[in-house]
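Report on the structure given below.
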Amino acid sequence: AAGVPAVSILRILMEEGVMTNINAVMDPELTELVAADLGVDIDFVDAQTLEDQLLATIDEIEDPEESLKPRAPVVTFLGHVDHGKTSLLDKLIGIEVAKGEEGGITQHIRAYQMENDGRPISFVDTPGHEAFTEMRARGAGVTDIVVLVVAADDGVMPQTEEAIAHAKASGAPIIVALNKIDLPGVDPLRVLQDLAANDLLPSEWGGDIEVVKTSAMTGEGLDTLRETILTVAELNEYKANPDRPAIGACLESQQDADRGVVTKVLVQNGTLRVGDIVVCGDGYGKIKAMTNPLQPSQRLQEAGPSVPVNLIGLNRAPSAGERLYVLEDIAQAREIADTRAVQERADFLGSTGFQAATLENLFDRLDGVNEVQTLNLILRADVRGSIEALEKELTKLEHPEVRLRILQKSVGGVTEGDVVLADASEAVIIAFNVVPDDKARAKADQLGVEIRRYGIIYKVADDLKLALEGMLKPEQ
Ligand code: GDP
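Counting from 382, one number per residue, gives the positions in the sequence shown under the UniProt record's numbering.
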């Protein structure tokens with residue numbers, strides 16, 4: 382931020398006898414010393430103070446019951462690649478993105494609101510369950526309802542199982558779209574069985590999961606899917622207060638050559654208006670214009686709860702999942718955003734002191750003494766039999782204060798998605814006779830997520846038992 386190359390700083394530090402690397406974070410004394418050497422003025426800003434005071438108080442404002450009005454449910458589609466997420470959403474909103482996209486892979490987050498006889502639904506389409514969970518990890522759990530798309534010809538696939546784990550961890554109700562029902566020779570019964578095996582018991586079998594047979598090709602079942610979404614929404618009575626300054630979440634943001642920073646935001650509470658002063662991540666500014674993401678030529682003056690908008694006016698492009706707040710004072714907005722920009726750079730360069738969940742620090746993380754705590758686990762193993770054997774062992778580990786909860790169990794190597802889920806859910810990953818792939822390993826290093834590798838079942842059980850008893854020695 383001082384416009385000084387990192388090497389100059391490293392050189393000064395070396396002269397001072399401090400051996401370090403570019404990834405380290407300097408303490409304040411050292412920073413002052415370096416700044417003096419460089420002849421740079423520095424000003425320590427307590428990053429947390431202003432945020433705490435302003436943004437936290439905004440978060441804490443309780444909306445009086447009578448101010449709450451029904452809002453549209455926010456729906457996200459998850460599922461195995463090629464099972465028809467994009468096609469279904471296209472069909473529901475009446476445009477065709479799937480066709481034009483290379484390989485049919487969803488590149489960007491799409492967010493649209495649809496009206497159905499005056500009953501709106503908002504769709505937020507993330508490129509995959511990793512993105513879904515990453516947003517959640519940043520505090521922007523925007524999704525109310527997950528539509529899990531399962532192709533009738535393929536059934537529940539590994540990515541479907543991952544998506545189920547991510548959806549369940551989010552706590553959002555799940556509706557299954559049993560898609561491609563138009564294909565000849567499909568066996569819906571088998572898919573229902575697969576779903577039941579994944580703890581999604583279909584309502585027709587007495588469970589609470591609505592399974593809607595759909596075809597993005599013929600349009601079959603789409604009305605039912607819409608109705609089911611609205612029914613689930615009615616049951617959950619999603620509400621917000623449109624008469625307060627907006628709080629929202631950045632879905633994605635990019636630098637546009639002509640318009641500057643364009644930020645896709647989902648308004649979560651209150652009403653966002655052109656002219657509002659906003660801060661979002663490390664970006665701030667006065668909103669110059671807002672458009673409807675579905676019809677970019679349509680300018681909007683305001684956007685209420687659950688409405689997605691593209692807005693112009695931020696100085697920097699915030700990351701997906703950053704919360705957006707409306708402030709009164711542009712100087713305060715600037716201070717928060719600039720402080721965060723500096724902080725982000727420091728985080729990027731070094732450790733933040735953040736403690737990820739590991740078995741060793743399990744007990745430090747347990748705060749309440751009487752409350753039953755949960756240790757979240759993600760199990761990955763070479764074969765189904767190993768998972769079953771592991772689960773059997775784990776059920777024996779009864780503990781009065783700590784409960785084991787398996788968020789995800791599947792056959793195969795540890796994936797990036799597992800690591801993201803572990804990070805968001807403070808889970809520990811148990812890799813039994815499998816290894817993480819390169820992307821997963823890199824992500825785990827970056828996020829500080831623990832992947833514990835094992836080859837012997839009783840070792841897993843022993844370690845967990847020790848962890849539960851709070852006497853586990855760090856892994857060698
Ligand atoms: P996504 O990866 O889950 O977003 O899947 P897409 O929407 O890109 O669909 C993958 C492929 O399946 C495309 O070739 C679609 O045309 C096809 N597809 C999607 N839905 C249906 C359906 O209901 N019936 C049939 N027959 N094909 C479908």
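All C-beta atoms in this analysis are idealised placements derived from N, C-alpha and C, irrespective of residue type, glycine included.
Who are the Cβ neighbours of Y619 in its own chain at under 6 Å, not counting the five residues just before and after it? Its chain contains R452, P454 and D525 as the residues whose beta carbon lies nearer than 6 Å to that of Y619, once the 5 sequence neighbours on both sides are disregarded; these appear in chain order.
What's the C-alpha gap between Q488 and E782? With a pLDDT of only 45 at Q488, under 50, the local geometry of the prediction cannot be trusted, and the value read off the model is given with reservation. About 44 Å.
Mark E633 as exposed unless 16 or more other C-beta atoms lie within 10 angstroms of its C-beta, in which case mark it buried. Label assigned to E633: buried.
Can you list, in chain order, the residues of its chain whose CB lies under 7 Å from that of G641, leaving out five sequence neighbours each side? Result list for G641: I693, in chain order.
From which residue to which residue does the alpha helix (DSSP H) around D506 run? It is not in any alpha helix (DSSP H) - D506 instead sits in the beta strand (DSSP E) that spans I502 to D506.
Report, in whole angstroms, the separation of the C-beta atoms of L775 and A762, which I expect to be a contact under 8 Å. The C-beta separation of L775 from A762 comes to about 12 Å, leaving the pair out of contact by the 8 Å criterion.
To the nearest angstrom, how far is it from the Cα of N650 to the Cα of P626? A straight-line Cα-Cα distance of about 8 Å links N650 and P626.
Could you give the DSSP three-state label for Y839: helix, strand or coil? If DSSP states are grouped into helix, strand and coil, Y839 belongs with the helices.
Which residue from R765, I474, R500 and D498 puts its Cα closest to that of A492? Closest by alpha carbon: I474.
Quick one: is the Cβ of D563 within less than 8 Å of any heavy atom of the ligand GDP? Answer for D563: yes, Cβ within range of the ligand GDP.
Taking the C-alpha atoms as reference points, what is the distance between T720 and P686? T720 and P686: Cα-Cα distance of roughly 28 Å.
Sort N814, R786 and G509 by Cα distance to G766 and report the nearest one. Ranking the options by Cα distance to G766, first place goes to N814.
Since F813 sits in a beta bridge, which residues does DSSP pair it with? The partner list for F813 (beta bridge, DSSP) reads A762 and Y835.
Suppose you measure from the CA of A548 to the CA of A712; what does that come to, to the nearest Å? Their backbone Cα atoms lie some 39 Å apart in a straight line.
How should I717 be labelled, buried or exposed, when 16 other C-beta atoms within 10 angstroms of its C-beta is the threshold for buried? Classification for I717: buried.
What residues in its chain sit with their C-beta under 7 Å from that of R517, if we drop five residues either side in the sequence? For R517, where only same-chain residues beyond five positions count, the Cβ hits under 7 Å are S551 and A805.
In the DSSP assignment, find the unbroken alpha helix (DSSP H) run with P569 in it and report its ends. It spans P569 to A578 - the alpha helix (DSSP H) in which P569 sits, taken as one unbroken run.
By the DSSP assignment, the alpha helix (DSSP H) with D819 in it spans what residues? Here the alpha helix (DSSP H) through D819 covers D819 to L828.
By Cβ distance, which residues of its chain are closer than 7 Å to A546, with the 5 residues on each side in sequence left out? So the qualifying residues of the chain are L788, Q789 and L802.
Buried or exposed for G664, going by 16 or more other Cβ atoms inside 10 Å? Of the other Cβ atoms in all chains shown, 16 or more fall within 10 Å of the Cβ of G664; this residue is therefore buried.
Three-pair Cβ contact test at 8 Å for the region 460-475 versus the region 525-545: By the Cβ rule, the region 460-475 counts as touching the region 525-545, because three or more pairs are nearer than 8 Å.
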